[in-house]
Structure formats: structure tokens, C-alpha cells
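J.: So in the working numbering, the last one in the sequence shown is 581, and the numbering has no gaps at all.
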Amino acid sequence: MLSRASVVVRPVARAVAYAARPAPVAALRAFSSSAKVASGHGHGPAPPIIVGPGAKDGEVPTAYDQATGLERFQLLGDIAGINVFDQDPLDSSRIGTKANPIVVPATATSRIIGCTGSPADSHDVLWYELTEAKQRRCYECGSVYQLAVEH
431 MLSRASVVVR PVARAVAYAA RPAPVAALRA FSSSAKVASG HGHGPAPPII
481 VGPGAKDGEV PTAYDQATGL ERFQLLGDIA GINVFDQDPL DSSRIGTKAN
531 PIVVPATATS RIIGCTGSPA DSHDVLWYEL TEAKQRRCYE CGSVYQLAVE
581 H
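Now the structure itself:
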């Protein structure tokens with residue numbers, strides 16, 4: 431049997447144990463930030479315009495009027511006669527070897543490529559992630575690819 435005294439003492443013991451715990455320490459790390467500096471205003475080149483001018487009232491907007499971001503970047507490049515995204519196919523007239531691989535230009539440290547074989551379309555497209563650390567060989571045709579990062 432439980433006595434009434436043990437029931438009363440138990441909550442008191444919990445309160446004492448809880449009070450004896452160390453208090454949580456508040457974060458002492460200071461948060462700081464630098465002043466906001468915008469492009470233009472004498473602090474470097476002006477930011478590129480990535481939004482279109484929009485359509486005038488009562489007119490249907492064209493792609494030039496409403497394009498934004500990368501689509502606008504590509505559209506402005508097409509107007510200027512510049513191919514802003516390198517979409518030309520790689521050399522498929524030969525099979526790359528370890529000594530003479532097919533060089534894939536890139537601006538990043540990795541790129542996804544698709545191999546269709548040599549001559550072109552001799553097998554289904556096989557996709558590979560190519561990194562600058564090592565060459566990749568196609569499982570189907572044996573062609574070797576190497577990434578050339580342009581800095």
C-alpha cells in the first residue's frame with residue numbers, strides 16, 4: 431500500500447531535482463552583418479536588366495516585352511547575333527581514346543553529357559556526369575570524354 435505521505439513527497443522531490451539542474455545558457459554569439467551595397471550608384475557596374483519593358487495598354491505583349499531571366503538573356507543574345515548558350519553538338523566523327531579524348535568545354539566543374547556513339551546515332555543516348563577529376567568512357571561505344579573547364 432502506498433501512504434499518502436509518499437504521494438505528496440514525490441512531486442516535491444521532482445521540483446527539487448528540477449531546480450538543481452543547471453539553467454540553459456543563452457546564445458552568446460553575436461550576429462552582425464555588413465552594410466548593404468548595391469550595384470550601380472558608384473559601386474561597380476549596373477545590374478543587368480532581366481525584365482522586359484512590358485506591353486502598352488491595349489496591346490498583346492511579345493516575347494521581348496514579357497521575357498525575364500535566362501529566357502530574356504537568350505532572347506537579347508539572339509537579337510545581337512550571339513549564341514549565349516553553347517548548344518553545338520560535340521565532335522562525333524571519331525571515337526575518343528584515353529590518349530586523345532573528346533574534349534567537352536564547361537564553365538563549371540561538372541557537366542552532364544549524352545553519347546550517341548560514333549558515327550552519330552549509332553546507339554541510344556547514354557547520359558553521363560562528367561567531372562574534371564577524371565575521364566568518362568561510354569559503356570556502349572567506348573568513346574572517352576574529358577571536361578575542359580574554362581575559367
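Just so it is clear, CB atoms sit at the ideal spot from N, CA and C, and this is done for glycine as well. Source: prediction; values computed, not measured.
With a threshold of 8 Å on Cβ separation, who are the neighbours of Thr498 within its own chain once the five nearest residues in sequence on each side are excluded?
T.: Ile480, Val481 and Gly482
J.: Should Ile543 and Tyr575 be called a contact, given that it needs their Cβ atoms to be closer than 8 Å?
T.: yes
J.: Kindly indicate which residue of Ala538, Ile532 and Ile509 has the alpha-carbon position closest to the one of Ser548.
T.: Of the listed residues, the one whose Cα sits closest to Ser548 is Ile532.
J.: Identify whether Glu501 lies in helix, strand or coil by the three-state DSSP scheme.
T.: Glu501 falls in the helix class under three-state DSSP.
J.: Given a cut-off of 8 Å on the beta-carbon distance, is the pair Ala598 and Pro535 in contact?
T.: Not covered by the structure: residue 598. The range shown for the chain is 431 to 581.
J.: Using the DSSP secondary-structure output, state which residues sit across from Val579 in a beta bridge.
T.: Ala536
J.: If distances are taken between C-alpha atoms only, which option among Leu556, Cys571, Ser573 and Thr539 comes closest to Ala563?
T.: Thr539
J.: How long is the line joining the alpha carbons of Val555 and Cys571, rounded to whole angstroms?
T.: 11 Å
J.: Assuming Tyr494 is part of the alpha helix (DSSP H), what are its boundary residues?
T.: Bounds of the alpha helix (DSSP H) holding Tyr494 are Ala493 to Gln496.
J.: Determine the closest residue to Leu560 out of Asp516, Cys545, His553 and Arg541, with distance taken between C-alpha atoms.
T.: Considering only alpha carbons, the answer is Arg541.
J.: Give the single residue among His581, Pro475 and Asn513 whose Cα lies nearest to the Cα of Thr537.
T.: His581
J.: Reducing DSSP to helix, strand and coil, say where Gly572 ends up.
T.: coil
J.: Below 8 Å between beta carbons: does that hold for Ala550 and Ser522?
T.: yes
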